[in-house]
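Trainee: Can you read through this structure? Questions will come right after.
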Amino acid sequence: MTPASVAVLVSGSGTNLAALLDALRASPLARVERVVSSRADAVALEVARRAGVATAVLADPGDAAAWVAAAGDARLVVLAGYLKRVPPGAVARFRWRLINIHPALLPAFGGVGMYGRRVHQAVLESGAAVSGATVHYVDEEYDRGPTIAQWPVPVRPGDTPDSLARRVLEVEHRLLPAAVLALARLGVPERPVRLFATGSAFVMGDTGVLELE
Ligand code: GRF
13 MTPASVAVLV SGSGTNLAAL LDALRASPLA RVERVVSSRA DAVALEVARR
63 AGVATAVLAD PGDAAAWVAA AGDARLVVLA GYLKRVPPGA VARFRWRLIN
113 IHPALLPAFG GVGMYGRRVH QAVLESGAAV SGATVHYVDE EYDRGPTIAQ
163 WPVPVRPGDT PDSLARRVLE VEHRLLPAAV LALARLGVPE RPVRLFATGS
213 AFVMGDTGVL ELE
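Residues in the sequence shown are numbered from 13 upward in steps of one, following the working numbering.
Structure follows, in structure tokens:
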């Protein structure tokens with residue numbers, strides 16, 4: 013079986029990219045073939061280069077044709093800390109093959125302007141007892157596409173946006189590779205798929221397995 017080729021889109025520090033590269037390194041299911049950044053100074057580009065993965069920088073992230081060309085022949089396109097809007101032409105081209113990771117339990121705490129520290133700040137201000145990470149399909153609206161998988165993270169007394177962000181990020185680093193591998197195992201079907209944690213989603217165990225129900 014040929015591994016599903018994965019393109020990863022980044023804008024920032026690339027810790028989710030690093031987690032994906034680690035998890036996929038020896039996998040027969042999927043391989044990160046290219047990393048595309050919306051900015052030339054993203055640390056994530058260094059992460060990619062160190063791993064020997066081809067990189068590209070988008071001169072204009074709003075240019076759909078350039079976006080599609082940069083993603084190339086990827087079977088699955090993963091937004092991992094990508095902060096620009098995906099042009100509608102690119103969304104259409106990669107329908108059900110374009111996914112994002114968000115550091116909260118969507119549909120809560122998502123949408124325009126909800127990224128980075130602001131997400132965790134809003135969660136704490138709301139008084140929610142649980143936050144988490146969501147992997148979802150990207151459609152024409154910010155953070156609105158169907159959910160693929162979620163993992164809850166309890167909010168602790170005394171949490172700050174930074175402490176909550178750290179714990180959510182640890183979960184992101186397990187959830188995103190698990191979701192990518194699960195989709196690859198299914199052949200990246202061109203229809204929405206929902207994945208579930210085995211057992212209690214609060215008990216991650218060592219493997220963090222996701223399965224179809
Ligand atoms: C993560 O919290 C991700 O959910 C969000 O941006 C952050 C990116 O972190 N979209 P990194 O670039 O993967 O380190």
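Don't be surprised by glycine CBs; every beta carbon is placed ideally from N, CA and C. From a predicted model like this one, the values you see are computed outputs, not experimental measurements.
From residue 191 to residue 109, what distance separates their C-alpha atoms?
Mentor: The straight-line gap from Cα to Cα measures roughly 12 Å.
Trainee: May I ask you to check if the CB of residue 84 is nearer than 8 Å to at least one heavy atom of ligand 1?
Mentor: Checking every heavy atom of ligand 1 against the Cβ of residue 84, none is found closer than 8 Å.
Trainee: Please identify the residue among 99, 16, 58 and 89 whose C-alpha is closest to the C-alpha of residue 4.
Mentor: The first residue shown for the chain is 13 and the last is 225, placing residue 4 beyond what the model contains.
Trainee: Can you tell which of 137, 112 and 206 has the C-alpha that lies nearest to the C-alpha of residue 156?
Mentor: For the residues 137, 112 and 206, the minimum Cα distance to residue 156 belongs to 112.
Trainee: What does DSSP give as the partner residue(s) for residue 48 in the beta ladder?
Mentor: 21 and 68, per the DSSP bridge assignment.
Trainee: From residue 144 to residue 71, what does the alpha carbon distance come to, in whole angstroms?
Mentor: Taking the straight line from one Cα to the other gives about 33 Å.
Trainee: Would you decide whether residue 142 is buried or exposed? Buried here means 16 or more other CB atoms lie within 10 Å of its CB.
Mentor: Per the 10 Å Cβ criterion, exposed.
Trainee: Assuming residue 46 and residue 19 make a contact with CB atoms under 8 Å, what is their CB distance in whole Å?
Mentor: Contact flag correct, Cβ pair sits at about 5 Å.
Trainee: Alpha carbon to alpha carbon, how far is residue 104 from residue 150?
Mentor: The alpha-carbon atoms of residue 104 and residue 150 are separated by roughly 10 Å.
Trainee: Tell me the rounded alpha-carbon separation between residue 52 and residue 61.
Mentor: Approximately 13 Å between the Cα atoms of the pair.
Trainee: Is any heavy atom in ligand 1 found nearer than 8 Å to the beta carbon of residue 172?
Mentor: The answer is no for residue 172.
Trainee: Quick check: does the Cβ of residue 148 come within less than 8 Å of any heavy atom belonging to ligand 1?
Mentor: Flag unset: Cβ of residue 148 not near ligand 1.
Trainee: Do residue 48 and residue 76 have their C-beta atoms closer together than 9 Å?
Mentor: Cβ atoms of residue 48 and residue 76: not closer than 9 Å.
Trainee: Is the closest heavy atom of ligand 1 to the C-beta of residue 33 under 8 Å?
Mentor: Not so, every heavy atom of ligand 1 lies at least 8 Å from the Cβ.
Trainee: Residue 167 by DSSP, collapsed to three states: which one?
Mentor: Coil at residue 167, not helix or strand.
Trainee: Under a Cβ-count criterion, where at least 16 other Cβ atoms within 10 Å of its own Cβ denotes burial, should residue 166 be classed as buried or exposed?
Mentor: With fewer than 16 Cβ atoms within 10 Å of its Cβ, residue 166 is classed as exposed.
Trainee: Compute every distance between the C-beta of residue 17 and the non-hydrogen atoms of ligand 1, then say whether any falls below 8 Å.
Mentor: Result no, Cβ not under 8 Å from ligand 1.
Trainee: When DSSP builds the beta bridges, which residues end up paired with residue 179?
Mentor: In the DSSP output, where bridge partners are listed per residue, residue 179 has none listed.
Trainee: Measure the C-alpha to C-alpha separation of residue 92 and residue 168 and round it to an integer number of angstroms.
Mentor: In a straight line, the C-alpha of residue 92 is about 26 Å away from that of residue 168.
Trainee: Please work out which residues of its chain come closer than 7 Å, Cβ to Cβ, to residue 206, disregarding the five sequence neighbours upstream and downstream, and give them in chain order.
Mentor: Excluding sequence neighbours, residue 206 sits near 159 and 160.
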